[in-house]
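Shown next, in structure tokens, is the structure this report addresses.
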Amino acid sequence: MSVPEYFLLEDGDRLPRIGFGTWQASDEVLEKAVDTALACGYRHFDSAQAYENEAALGRALQRWIGGDAAKRKELFVVTKLPPGGNHPELVEEYFETSLRDLGLDYLDLYLIHVPFAFEHIPGDLHPKNSDGTMKMDTSTDLVAVWKAVLKLKESGRVRHVGVSNMNEEQISRLCKVSKPECLQIEVHALCQQVPLIATANKFNIPVVAYSPLGSKALADALAAKTGREYPDLLQLPTVQRIAEAHGRTPAQILLRQLLQRGVAAIPKSTNPERIKQNISVWDFQLSDGEMAELAALDRGERGRICDFSFFMGIEKHPEFPFKK
Ligand SMILES: NC(=O)c1ccc[n+]([C@@H]2O[C@H](COP(=O)([O-])OP(=O)(O)OC[C@H]3O[C@@H](n4cnc5c(N)ncnc54)[C@H](OP(=O)(O)O)[C@@H]3O)[C@@H](O)[C@H]2O)c1
Numbered sequence: 001m002s003v004p005e006y007f008l009l010e011d012g013d014r015l016p017r018i019g020f021g022t023w024q025a026s027d028e029v030l031e032k033a034v035d036t037a038l039a040c041g042y043r044h045f046d047s048a049q050a051y052e053n054e055a056a057l058g059r060a061l062q063r064w065i066g067g068d069a070a071k072r073k074e075l076f077v078v079t080k081l082p083p084g085g086n087h088p089e090l091v092e093e094y095f096e097t098s099l100r101d102l103g104l105d106y107l108d109l110y111l112i113h114v115p116f117a118f119e120h121i122p123g124d125l126h127p128k129n130s131d132g133t134m135k136m137d138t139s140t141d142l143v144a145v146w147k148a149v150l151k152l153k154e155s156g157r158v159r160h161v162g163v164s165n166m167n168e169e170q171i172s173r174l175c176k177v178s179k180p181e182c183l184q185i186e187v188h189a190l191c192q193q194v195p196l197i198a199t200a201n202k203f204n205i206p207v208v209a210y211s212p213l214g215s216k217a218l219a220d221a222l223a224a225k226t227g228r229e230y231p232d233l234l235q236l237p238t239v240q241r242i243a244e245a246h247g248r249t250p251a252q253i254l255l256r257q258l259l260q261r262g263v264a265a266i267p268k269s270t271n272p273e274r275i276k277q278n279i280s281v282w283d284f285q286l287s288d289g290e291m292a293e294l295a296a297l298d299r300g301e302r303g304r305i306c307d308f309s310f311f312m313g314i315e316k317h318p319e320f321p322f323k324k
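Structure representation (structure tokens):
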């Protein structure tokens, strides 16, 4: 089964199906990793204002672009509206901050990061009450935020707009106004998101998988806090056996499964060897039997890692997207 290397968007733009994740990397480490990623052929870069490292990504991208408009066009740069920006009148301000920090004239894709909102507190992207709970804004009007994001597209400063971490109902609600051009969600072997991907496919919305390798740093941090066990995806016997059979690494098997399911992936690594490995997934194929074995690893909702429990109290927000 050959897998296309891009999603073709409606205006002919191409969204590369392997991108580079940038969460949880310090500025200096990220800048070097992006240099390596560019040299290895990555052209899709996933960022977010909430990662607080957009400027480091921007420096590496600008160095590579070197003022050449044709090189800029080769890139597909994505960033996200943080929860504090989920207020229609503030969307433009948050967007401009990202554009300035990235040092770019335009973005390729801007996503609403999450459907819930924090209070807007300048200089604090993750505002908390004294008891540690998040300062939420529970009056969120998701459709109004979406309309403000669509206006950015009309202005020409972003070529495509989409959403992340939304459920079927929220996606259907936004589709009544205008279809999101991308859905970025957690997808991996233990959390395969079959119904949500079916909804996205029904609307013809490209799906991008975040945490495709199981987000070990987040899983370890949550395990330390909650005592819950998070299996290491790279150590799963089924994944290891299939990797051995193909002479590939477990990470490559996990990424290839997503590609063969029609989903793009944005693995994050700051290790040069692994950065190269994660984009070298085009020249082998998983059999139907192997795909079925990997499909059987799905734990549904129980397999979710990024449940936003690190934002204390957030499950009480009316737009909190995940069912327990
Ligand atoms: N929209 C959202 O709400 C959301 C949420 C989470 C993530 N994201 C995006 O998705 C990206 C990826 O997700 P993620 O960072 O959570 O996790 P991930 O990509 O699933 O996993 C990253 C971890 O895997 C390790 N790793 C990478 N390649 C490897 C390989 N070939 N072999 C073994 N280990 C490997 C990395 O360590 P090394 O760096 O040491 O290689 C890192 O510890 C993020 O960076 C971010 O851009 C979006």
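Going by the UniProt record's numbering, the first residue of the sequence shown is number 1, and it counts up by one from there.
Glycine included, each C-beta is placed from N, C-alpha and C at the ideal position.
These numbers come from a predicted model, not from an experiment.
Cα-Cα separation, Ser178 to Pro82: 21 Å
Local conformation of Ile112 per DSSP, three classes: strand
C-beta neighbour in chain D for Asn53, strict 8 Å: Here chain D cannot be found, since the structure has a single protein chain.
Contact check, Ala251 vs Gln277, beta carbons under 8 Å: yes
Between the CA atoms of Gln49 and Leu109 - distance to the nearest angstrom: 13 Å
Boundaries (first-last residue) of the alpha helix (DSSP H) holding Thr133: Premise fails: Thr133 is in no alpha helix (DSSP H) and is neither H nor E.
Distance CB(Leu111)-CB(Cys191) smaller than 8 Å: no
Heavy atom of ligand 1 within 7 Å of Trp23 beta-carbon: yes
Exposed unless 16 or more other CB atoms sit within 10 angstroms - verdict on Phe20: Under the 10 Å beta carbon count, Phe20 is surrounded by 16 or more other beta carbons and is classified as buried.
Heavy atom of ligand 2 within 7 Å of His317 beta-carbon: In terms of ligand content, the structure shown lacks ligand 2 and carries ligand 1 instead.
Coarse secondary structure for Leu107, derived from DSSP in three states: In the structure shown, Leu107 sits in a strand (DSSP, three-state: E or B).
Sub-8 Å separation of Tyr106 and Val161 beta-carbons: no
Rounded separation between Cys306 and Leu222 - CA only: 9 Å
Environment of Ser269 [buried if 16+ CB atoms lie within 10 Å]: buried
Inter-residue Cα distance where the pair is Val77 and Leu99: 10 Å
Straight-line gap, residue 325 to Asn129 (C-alpha atoms, nearest Å): Only positions 1 to 324 of the chain appear in the structure, and residue 325 is not among them; the question remains open.
Anticipated Cβ contact below 8 Å, Ala56 with Asp27, distance rounded: Your pair Ala56 and Asp27 checks out as a contact, with CB atoms roughly 4 Å apart and the cut at 8 Å.
Cβ-Cβ distance between Phe45 and Leu75 below 8 Å: yes
Where the alpha helix (DSSP H) containing Val239 begins and where it ends: 237 to 246
Near ligand 1: Cys306 beta-carbon under 7 Å from a heavy atom: yes
Which of helix, strand or coil DSSP assigns to Phe76: strand
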